[in-house]
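Report on the following structure.
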Amino acid sequence: MTANKAPEHLQPLSSLGPMPDRRVEENRDPDDPVYLEYLEARGFLERGDYARAAMGFHNAMHGYEDRGDRAGMANASDRLGDACMGREEYGMALANYERAYRICVEEDDSFSQLALNKKMMQCCRKLGQLDRALAILDDMLEHYRLMKNPKGAVETLEHMAEAYLAQGERAKAADSYRAAAGIHQNFRHARMAEELRQKAVALERD
1 MTANKAPEHL QPLSSLGPMP DRRVEENRDP DDPVYLEYLE ARGFLERGDY ARAAMGFHNA
61 MHGYEDRGDR AGMANASDRL GDACMGREEY GMALANYERA YRICVEEDDS FSQLALNKKM
121 MQCCRKLGQL DRALAILDDM LEHYRLMKNP KGAVETLEHM AEAYLAQGER AKAADSYRAA
181 AGIHQNFRHA RMAEELRQKA VALERD
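Number 154 in the UniProt record's numbering belongs to position 154 of the sequence shown; there are no gaps in the numbering.
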């Protein structure tokens, strides 16, 4: 039934942003050919030339790998994933984000993990891997709760509702909307809380 299909409210690539590449910038050598290729690829990415961006980030990633620069590897792999996303090659994008994510886990970089989780979730939804998308969203929700970030928690709960709806899990989608409404209510956002409650009611009624 079409009523069970979640709306495609996936964020555009430009709104997701890269994981922080501060460490690449801090350690830059203006004459380093790997860094220069990384910068050139970043320019291609910003201009929407995803094919040349992908080639440049791929070369930079292997250049950083050869010298054991894990921060460089993670950032180049993340940006390579962005280029693949731009080309709608979601499986390849996911593989590159996963590579960057593993490095960030080993480096205990939780904020970069969050940035990558957002992108991996988008890929999983595009690939129809809804169970995995929901597992990633659950990790994101825990992060936002620990960081006491209500805005991030609400956005994540809304994404969860959409993913549950795509699975036909209307009751779970309604629960997610109610949880998001509860957060808004705690901050006296009465109108937004009511809008989400009405979404939950509509799911339970239809």
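Cβ coordinates follow ideal geometry from the N, Cα and C atoms, glycine included.
Measure the Cβ-Cβ separation of residue i and residue j and say whether it is below 9 Å.
i, j, result
"Tyr97", "Ser110", "no"
"Ala93", "Cys104", "no"
"Ala181", "Glu195", "yes"
"Ala53", "Gly86", "yes"
"Glu37", "Gly68", "no"
"Arg70", "Glu106", "yes"
Quick one, which of the options has its alpha-carbon nearest residue i's?
i, options, result
"Ala115", "Ala74, Leu36, Leu130 and Gln185", "Ala74"
"Glu88", "Cys123, Asp29, Glu40 and Ala135", "Cys123"
"Asp138", "Lys148, Asn149, Gly128 and Leu157", "Leu157"
"Ile183", "Lys148, Glu169 and Val201", "Lys148"
"Arg205", "Glu107, Ala133, Arg170 and Asp29", "Arg170"
"Ala166", "Gln185, Asp108 and Gly128", "Gly128"
"Leu203", "Asn186, Glu162, Gln185 and Ala190", "Glu162"
"Asp131", "Met160, Gly72 and Asp32", "Met160"
"residue 213", "Tyr164, Leu134, Glu46 and Gly81", "A question about residue 213 goes unanswered here, because the residues of the chain that appear run from 1 up to 206."
"Glu155", "Arg99, Glu107, Gly168 and Ser176", "Ser176"
To the nearest angstrom, report how far apart residue i and residue j are at their CA atoms.
i, j, result
"Arg125", "Arg188", "32 Å"
"Met61", "His143", "28 Å"
"Ala193", "Ala153", "14 Å"
"residue 215", "Arg178", "Outside the displayed range of the chain (1 to 206) lies residue 215, so it cannot be described from this structure."
"Asp29", "Gln185", "50 Å"
"Tyr64", "Lys151", "36 Å"
"residue 210", "Gly72", "Coverage of the chain is limited to positions 1 through 206, which leaves residue 210 absent and any answer about it impossible."
"Asn59", "Leu146", "37 Å"
"Leu45", "Pro33", "18 Å"
"Met140", "Ala133", "11 Å"
"Ile136", "Ala95", "15 Å"
"Asp31", "Leu39", "12 Å"
#### Entry: Contiguous alpha helix (DSSP H) assignments of at least 4 residues, all confined to the region 34-101
50-66 and 70-86
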